[in-house]
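Only one structure is covered here, and it is reproduced in the block below.
There are 2 protein chains.
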Amino acid sequence: MKASQLKQTLGAAEQSCRASGARLTEKRRNVLAVLLRAKTPLSAYEIAEQYGRDYGEPIPAMSVYRMLDFLADENLAHKLNSENKYLACAHIACDHSHETPQFLICSRCSKVREIGIKPEVIAALRDTVEGAGYHLLTSQLELDCLCDECGRSAA
Amino acid sequence: MKASQLKQTLGAAEQSCRASGARLTEKRRNVLAVLLRAKTPLSAYEIAEQYGRDYGEPIPAMSVYRMLDFLADENLAHKLNSENKYLACAHIACDHSHETPQFLICSRCSKVREIGIKPEVIAALRDTVEGAGYHLLTSQLELDCLCDECGRSAA
DNA sequence: CTTGATATGATATAATGTAACATAATAATA
DNA sequence: TATTATTATGTTACATTATATCATATCAAG
């Protein structure tokens with residue numbers, strides 16, 4: 001993410017936290033900034049390393065885990081359960097309400113696209129699940145994909 | 156899984172391996188049996204422990220990982236990427252060809268149901284993915300659910 | 001029966017994550 | 001402001017999941 005957009009996004013995050021009565025401390029904001037600048041999802045330990053490089057002071061991985069929990073609670077970051085990695089929410093700046101995210105994960109270059117899947121498709125999924133006697137709790141999907149770029153170069 | 160069904164399933168696994176020219180060794184078969192008897196998915200280390208209890212001889216976790224790789228290659232077991240756990244394929248005995256599995260994971264009791272999602276739903280998902288410029292590689296879904304039982308008792 | 005390939009054992013270590021307690025910073029209130 | 005309560009962060013220890021590497025054992029083919 002470019003510097004100008006980064007600043008704006010961090011501002012939006014600030015506002016969003018203020019609205020929910022949460023404290024976006026400097027370090028939490030820095031962790032979010034690391035995620036926003038990253039081209040791919042990062043592990044907690046990778047975030048800690050990058051934080052050290054970006055801000056000149058080391059941060060314990062344990063703190064990163066807690067800050068990621070905070071950011072996830074505030075819908076500012078998401079965890080990719082299938083990868084054990086974390087990424088910034090793609091919809092911090094744009095207002096449109098925080099629906100459950102779906103992720104397209106390029107298995108070649110690890111680039112991730114956060115999208116919204118059509119309600120009909122989710123509804124159909126939910127129907128199938130109910131039909132099997134289960135109840136869908138979250139519709140966060142993590143799909144194993146090839147991105148456009150890798151798709152072309154691999155073909 | 157009941158003993159009678161277990162035997163039959165292991166027989167089917169044997170045949171399936173013979174058909175593909177793979178060797179279902181005793182230990183691989185035992186690991187599969189551990190998974191078939193388990194009520195929930197198990198981690199590799201849990202499998203190793205259970206193997207020790209069931210067969211009276213310890214097995215190194217590293218061996219279990221290799222055997223799980225083998226079983227996954229043969230479509231006899233699956234890995235739940237979101238849980239880092241493994242489970243037996245639900246379709247070893249029944250012939251119907253091995254489609255990509257989808258899993259309903261009860262987040263309360265960890266019970267997992269392997270189902271097939273309607274081709275239309277998968278196709279719709281695939282369309283959405285293509286629309287975003289990505290290409291769907293596998294349609295293995297791992298859905299965060301409540302099972303019927305837990306749904307009732309939690310309500 | 002011996003050679004080559006495959007399977008397993010053993011050891012070390014990396015990567016991810018949690019638990020528990022200490023200290024520091026902030027907020028609320030007297 | 002001083003005091004106290006709450007929240008945030010640091011520190012240490014350790015649990016869990018996974019991979020890499022090399023040695024040994026077992027099986028299959030000639």
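Protein chains in written order, with the numbering used here: chain A, 1 to 155; chain B, 156 to 310.
Idealized CB from N, CA, C, for every residue including glycine.
Because the structure is a prediction, the values reported are computed rather than measured.
Coil, strand or helix - residue i by DSSP
i	result
residue 134 of chain A	coil
residue 208 of chain B	helix
residue 145 of chain A	strand
residue 14 of chain A	helix
residue 160 of chain B	helix
residue 280 of chain B	helix
residue 36 of chain A	helix
residue 117 of chain A	coil
Proximal residues to residue i (C-beta, below 8 Å), its chain only, five neighbours per side dropped
i	result
residue 248 of chain B	160, 163, 164 and 167
residue 280 of chain B	291 and 294
residue 235 of chain B	196, 241, 242, 258, 260, 267 and 297
residue 219 of chain B	186, 199, 200, 202, 203 and 206
residue 262 of chain B	299, 300 and 301
residue 364 of chain B	Because chain B in this structure spans residues 156 to 310, residue 364 of chain B falls outside the shown range and cannot be described.
residue 129 of chain A	135 and 136
Partner residues on chain B for residue i, Cβ-Cβ distance less than 8 Å
i	result
residue 45 of chain A	By Cβ distance, chain B contributes nothing, its closest Cβ being about 17 Å from residue 45 of chain A, past 8 Å.
residue 145 of chain A	284, 289, 290, 291 and 292
Cutoff 7 Å; reference residue i; Cβ partners in own chain excluding five residues on either side
i	result
residue 84 of chain A	43
residue 232 of chain B	187, 190, 223, 226, 241, 242, 243 and 244
residue 99 of chain A	116
residue 209 of chain B	189
Contact set between residue i and chain B, taken where Cβ atoms lie within less than 7 Å
i	result
residue 151 of chain A	290
Proximal chain A residues relative to residue i, where beta-carbon distance stays under 7 Å
i	result
residue 262 of chain B	137
residue 259 of chain B	129, 132 and 134
residue 296 of chain B	141
Listed by chain order, chain A residues near residue i by CB distance under 8 Å
i	result
residue 161 of chain B	Ordered by position in chain A, no residue passes the 8 Å Cβ test against residue 161 of chain B, which lies about 23 Å from the chain.
Spatial neighbours of residue i in its chain, beta-carbon cut-off 6 Å, leaving aside the 5 residues before and after
i	result
residue 132 of chain A	none
residue 177 of chain B	229
residue 169 of chain B	179
residue 265 of chain B	195
- Residues of the segment 110-121 of chain A with a CB closer than 7 Å to any CB of chain B: list them in chain order, please. 113, 115, 117, 118 and 121
- Query: Can you list, in chain order, the stretches of the beta strand (DSSP E) that have 3 or more residues and sit fully within the segment 67-113 of chain A?
  - Reply: Listed in chain order, the complete beta strand (DSSP E) runs (minimum 3 residues) inside the segment 67-113 of chain A are 77-80, 85-88 and 102-106.
- Residues in the segment 121-139 of chain A with C-beta within 7 Å of chain B's C-beta atoms, listed in sequence order? 121, 124, 125, 128, 129, 132, 133, 134, 135, 136, 137 and 138
- Message: Please list, in chain order, the residues of the segment 222-251 of chain B that have any C-beta partner in chain A closer than 7 Å.
- Response: 236 and 237
- Message: Using a Cβ-Cβ cutoff of 8 Å, what residues of the segment 181-215 of chain B are near chain A? List them in chain order.
- Response: Within the segment 181-215 of chain B, no residue places its CB atom closer than 8 Å to a CB of chain A.
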